[in-house]
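>
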Amino acid sequence: MTSRIPRDSRLRLVRPRTLAAAPRAMTQRPTRRPAPRPPEGTPAPAELARMARAQLAGAARVARWADTALSPGRGQGGAASDGQGSTLSEATAQRAATDLALSPAQVRADWDTARLAGLVEVHGGIARPGWRLRAWHRDDSAVLRGWVALFDAWSIAHPGPDGHEPAAVAEVVSAMPQVLSFLQLSAGQVPVPQLLDLLEQRVTELRTERCEIPYGPQPEPAERPAEDTPPAPLLDWALHALAAVGALTCADGQATLTPLGSWAVWVKLEQICVAAQSPAGNIEQGAEDMLRGCAQLRPNAARAEYRAWLAARPVGSAVTELLAAARGEDALLRGLAFEALRVVGAPAEPDVRAVADETYLRPYALLWLAEHDGHDPEDAHEVLTREEATWLWVDTAAAVADHGEAPLLVRHLESAIQPTVPALLDEVRAVGHPRTVQVLVALAAAHPDPALAKAVRRAAFQVHTGGS
């Protein structure tokens, strides 16, 4: 005889997993592409890593100083005191300058470089070593990724010159990937006037693509300072900023990529080619369509698509697009957007931190920040409160219900932090996720246990009617 009383079914406690870690498209096997070889004459990875270590030596020295001198229990408890925790306080900069025999200005410059390269992280006013600093001497790939992060953020490391319109500066930043690609393909010195012609052509293309033509009667054309700004001074700024991060040299009216810069540009061009040749071909899509195209790919293939998509556009606008996609109604895109932001890395931190107070994005943002701080991805969920973890469980279940199969939804039940089904249902009802009813109905329809399915249906009805 079967009891009609819902059983207190114990759930097997497992670490919560993001949706991206769940099995997807198990029958799909992406075609293997031979690992591409860099251009002839490119130094070996070990030599490239040596160059990157030399370029980041000052940043690594300041990062190690912060690790030893500013760790809790060793004097001061933090390295930063401003509202964002991104700059050194006067006292800390002076202390570092004294200890390292540098000027305070040089300390600040090295500190900013260390943050952009992921060698040091500041959270809540406390400086912490980044994982790349921990792997500095044993992992060449970590060192190279740190330098590439700085290379991607060259316009942040060396902001645009004063007296120029922000729109003009943004156009030059957007056009520089094509200039760098030309330098890489030229494999040698290129006259700056030739680069200036290329820059002007690319800026004109960008303005044409934008084609901002308002409707209706219009007054006399207003001044357009962005278009009237001479590009030559901005090209000069961009070349010297890239030279400062070690990507190129510029002297006697000639610009040349360094071996490190040539390798980095080749890597990004290769990522674009991979995306263009892949079955998904998402490089020209907007963030939302790109994420949908990656939904059925295995994690490694999806990350390759993310890298290629990111390589084809400025980091700032790419992060903005991804967060906009994450704010939509599709929970699957929310999870995938933050997987793509993990590929972005350190340059996305300010934007992710800024959305941590948005209800829909908060659990994802907190997990992202925890992993960025160095937490093991398997343990990062510990930063979430019980309510945040439950909200994330419902949101992920909504993604599974919309895009997955019934067995996957049943397996998702095992990732709940609540030890029993009644406890889970109580907390799911209390958390107030807008998709709660649909998730519970889908779970009830998918679960093979009739008694448990009935309890879940009853909970869905109570949420729908506002009962307890």
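Numbered according to the working numbering, the sequence shown spans residues 1213 to 1680. Quick reminder that beta carbons are idealized off the backbone N, C-alpha and C, glycines included. Owing to the predicted nature of the structure, the values given are computational and were not obtained by experimental measurement.
1. Can you give me the C-alpha to C-alpha distance between L1407 and E1383, rounded to a whole angstrom?
2. Return the bridge partner residues of C1462 from the DSSP annotation.
3. What separation, rounded to the nearest whole angstrom, lies between the Cα atoms of L1621 and W1323?
4. Are the beta-carbon atoms belonging to Q1267 and G1458 less than 9 Å from one another?
5. Please say whether H1659 and D1668 have beta carbons closer to each other than 9 Å?
6. T1339 to T1602, Cα distance in whole Å?
7. Leaving out the 5 sequence neighbours to the left and right, which residues in its chain are closer than 6 Å to R1647 when beta-carbon positions are compared?
8. Are the stretch 1465–1481 and the stretch 1382–1399 touching, with three or more C-beta to C-beta distances below 8 Å?
9. For A1329 and L1544, what's the separation of their Cα atoms in angstroms?
10. Tell me whether G1465 is buried or exposed, calling it buried when 16 or more other Cβ atoms sit within 10 Å of its Cβ.
11. Does the Cβ-Cβ distance between R1327 and A1305 come in under 9 Å?
12. Is DSSP giving L1578 helix, strand or coil here?
13. To the nearest angstrom, report how far apart A1507 and Y1576 are at their CA atoms.
14. Given a cut-off of 9 Å, decide if L1331 and R1350 are closer than it, judged by their beta-carbon atoms.
15. If you follow the alpha helix (DSSP H) that V1381 is part of, which residue opens it and which one closes it?
16. Leaving out the 5 sequence neighbours to the left and right, which residues in its chain are closer than 8 Å to R1565 when beta-carbon positions are compared?
17. With DSSP as the reference, label V1633 as helix, strand or coil.
18. Could you name the residues of the same chain whose beta carbon sits closer than 8 Å to that of L1637, not counting the 5 residues immediately before and after it, in chain order?
19. Given this structure, state the Cα-to-Cα distance separating I1629 from G1540, to the nearest angstrom.
20. Going by alpha carbons, who is nearest to W1605 out of G1644, D1569, V1567?
21. Just to confirm, are A1453 and W1359 a CB contact at a threshold of 9 Å?
22. Taking the alpha-carbon positions, what's the L1655 to G1616 distance?
23. Report the CB separation of V1355 from A1256 in whole angstroms; it is logged as a contact under 8 Å.
24. Could you give the distance in angstroms between the alpha-carbon of A1592 and the alpha-carbon of A1657?
25. Do I1484 and A1523 count as a contact pair if the criterion is CB distance below 9 Å?
26. S1353 lies in the alpha helix (DSSP H); which residues open and close that run?
27. When the Cα atoms are used, what is the spatial distance from T1608 to A1399?
28. Alpha carbon to alpha carbon, how far is D1569 from Q1674? Give it in angstroms, no decimals.
29. So, for Q1497: in the same chain, excluding its five sequence neighbours on each side, which residues have a beta-carbon less than 7 Å away from its beta-carbon?
30. Looking at A1552 and L1534, is the spacing between their C-beta atoms short of 9 Å?
31. Express the C-alpha separation of L1548 and T1632 in angstroms, rounding to a whole number.
32. Quick one, are the C-beta atoms of A1456 and E1500 less than 9 Å apart?
33. Considering only residues of the same chain and omitting the five flanking positions on each side of C1462, which have a CB-CB separation below 6 Å?
34. If you drop the 5 nearest sequence neighbours on each side, which residues of the same chain put their C-beta closer than 8 Å to that of R1241?
35. List the residues that DSSP assigns as beta-bridge partners of V1693.
36. Considering H1593, what are the terminal residues of the alpha helix (DSSP H) in which it resides?
In terms of the structure at hand:
1. 15 Å
2. A1467
3. So the alpha carbons of these two residues sit roughly 46 Å apart.
4. yes
5. Strictly speaking, residue 1668 in this sequence is Val, with Asp absent from that position. Yes, the pair counts as a contact, with Cβ atoms nearer than the cut-off.
6. The sequence shown places Ala at residue 1339, rather than the Thr named in the question. In a straight line, the C-alpha of A1339 is about 31 Å away from that of T1602.
7. A1610
8. yes
9. Approximately 30 Å between the Cα atoms of the pair.
10. exposed
11. no
12. helix
13. 17 Å
14. no
15. 1378–1398
16. A1577, L1581
17. Of the three classes helix, strand and coil, the one that applies to V1633 here is helix, per DSSP.
18. L1652, A1667, V1668, A1671
19. 26 Å
20. G1644
21. Between A1453 and W1359, the CB-CB gap reaches or exceeds 9 Å.
22. Rounded to the nearest angstrom, the gap between the Cα atoms of L1655 and G1616 is 12 Å.
23. Between A1256 and V1355 the Cβ distance is about 14 Å, and since that is not below 8 Å, they are no contact.
24. 32 Å
25. yes
26. 1352–1364
27. 48 Å
28. 29 Å
29. G1505
30. yes
31. 29 Å
32. no
33. So the qualifying residues of the chain are L1451, A1455.
34. Only weak support exists for where R1241 lies, its pLDDT of 40 falling under 50; the value from the coordinates is given anyway. Excluding positions up to five away in sequence, the list is empty.
35. No answer is possible for residue 1693: the residues shown for the chain start at 1213 and end at 1680.
36. Counting along the chain, H1593 falls outside any alpha helix (DSSP H), and DSSP gives it neither H nor E.
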